[in-house]
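The structure under discussion appears below in the form of structure tokens.
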Amino acid sequence: MTARLAIADLMRFKSKSRISDLARFYKTGPGEYGEGDLFIGGSVPQTRSVAKKYQSLSITELGKLFKSPFHEVRLCAAIILNHQFETSKKAQERKKLFDFYLIQVKANRVNNWDLVDVSAPRMGRYLAEIDDPMPLLIKLSKSKSLWERRVSIILTFALIRIGDFEPTIVIAEILLKDNQDLIHKAVGWMLREVGKRDVMLLRRFLSDYSHQMPRTMLRYSIEKLPERERKKWLTESK
């Protein structure tokens, strides 16, 4: 089990006809958020099939996958890391894997919305095991890196799932004035998840901040509310 063999397996799915479509979809043009990213052309199910085969890769070999210039290889690495984290029985091992994940995030290897969204909700489970996750989340939320900021809010999904909503609210407040649409969508998504579990908390947030929220963030956050109430928030926030 080596990174070289995993990459060779992924390369078997190479599709020239899909590469240009993926490049457009993930916004890899000059000045776009995924600028310069490269693709093999494989599908997500194909990538997952390779990840399943190589799920016992060592952390050293996993690091080699994360360093690949190819999007699908880094996605494969993220999926494998998820599996190793979720099946780990020891807190010390989970800490090692989470710290490794943060290294990849800060090295700009978790560098598109799908890579963040496939990894952060699962790796975020580690935050429930530490005394105070807020210093880390706040630091990430104030980063110059778009992807670190997206990670900061998506990590809180794991905490939402166990009924801890405060980290999401705090990070959402910090990111209210972010100028990136991908952050607006992510924050709105997490607020919507909070609202599914505590609609009154969502309404209090909206009462406080709906006038400041970017339109996309607001729309995403109220998506599951009754239609009449959605119209009310959209009208009143103008």
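Counted the way the working numbering counts, the sequence shown spans residues 93 to 330.
Glycine included, C-beta positions come from ideal geometry on N, C-alpha and C.
message: For a test of the three-state rule: what should DSSP assign to Leu229, helix, strand or coil?
response: Helix at Leu229.
- prompt: Using the beta-carbon count (16 or more within 10 Å), is Asn200 buried or exposed?
  reply: Asn200 is exposed by the Cβ-count criterion.
query: Under 8 Å, do Leu238 and Ile263 count as touching if we go by C-beta distance?
result: No, Cβ-Cβ distance for Leu238 and Ile263 is not below 8 Å.
task: Specify, as a first and last residue, the run of the alpha helix (DSSP H) that Glu221 falls within.
output: DSSP places Glu221 outside any alpha helix (DSSP H), giving it a letter other than H or E.
Burial state of Arg96, where buried means 16 or more other Cβ atoms lie within 10 Å: By the 10 Å Cβ count, Arg96 comes out exposed.
message: Tell me which residues share the same chain as Glu285 and place their Cβ nearer than 7 Å to its Cβ, disregarding the 5 neighbours each side in the sequence.
response: The residues Phe249, Ile252, in chain order, have a CB closer than 7 Å to that of Glu285 in the same chain once the five nearest residues on each side in sequence are set aside.
task: Leaving aside the five residues before and after Lys145 along the sequence, list all residues of the same chain whose C-beta is less than 8 Å from its C-beta, in chain order.
output: If we look at Lys145 and ignore the five residues flanking it on each side, its Cβ neighbours are Ala98, Asp101.
query: To which residues of the same chain is Asn331 closer than 6 Å at the C-beta, ignoring the five residues directly before and after it?
result: Residue 331 is absent from the model: the chain starts at 93 and stops at 330.
message: In this structure, how does DSSP classify Phe162 when only helix, strand and coil are distinguished?
response: Of the three classes helix, strand and coil, the one that applies to Phe162 here is strand, per DSSP.
- prompt: Just how far apart, CA to CA, sit Leu298 and Ala220?
  reply: Distance between the alpha carbons of Leu298 and Ala220 is about 26 Å.
task: Would you kindly report the start and end of the unbroken alpha helix (DSSP H) that includes Val136?
output: Start and end: 136-145.
field: Where Val317 sits in the DSSP three-state scheme
entry: In the sequence as presented, Val is not what sits at residue 317; that position holds Leu. In the structure shown, Leu317 sits in coil (DSSP, three-state: anything other than H, G, I, E or B).
message: Check for me: the alpha helix (DSSP H) holding Ser244 runs from which residue to which?
response: 238-246 is the span of the alpha helix (DSSP H), which, as asked, contains Ser244.
query: Between Ile151 and the rest of its own chain, which residues show a CB-CB distance below 7 Å, the 5 nearest in sequence each way excluded?
result: Cβ neighbours of Ile151 beyond the five flanking positions: Phe192.
- prompt: How many angstroms separate the CA atom of Glu315 from the CA atom of Leu157?
  reply: If you draw a straight line from the Cα of Glu315 to the Cα of Leu157, it is about 37 Å long.
field: Leu298 in three-state terms, based on DSSP
entry: Leu298: helix per DSSP, three-state reduction.
- prompt: When DSSP labels each residue in this structure, what does Leu76 get in the three-state scheme?
  reply: The displayed coordinates of the chain run from 93 to 330. Any statement about residue 76 would go beyond what the structure contains.
- request: Kindly indicate which three-state DSSP category Leu130 falls into: helix, strand or coil?
  value: The answer is strand: DSSP assigns Leu130 an E or B state.
field: Nearest-angstrom Cα separation, counted from Glu319 out to Lys198
entry: So the alpha carbons of these two residues sit roughly 40 Å apart.
Exposed unless 16 or more other CB atoms sit within 10 angstroms - verdict on Gln184: Result: exposed.
From Gly123, Arg116, Ser160, Val165, residue whose alpha carbon lies closest to that of Arg140: The shortest C-alpha separation from Arg140 is found at Val165.
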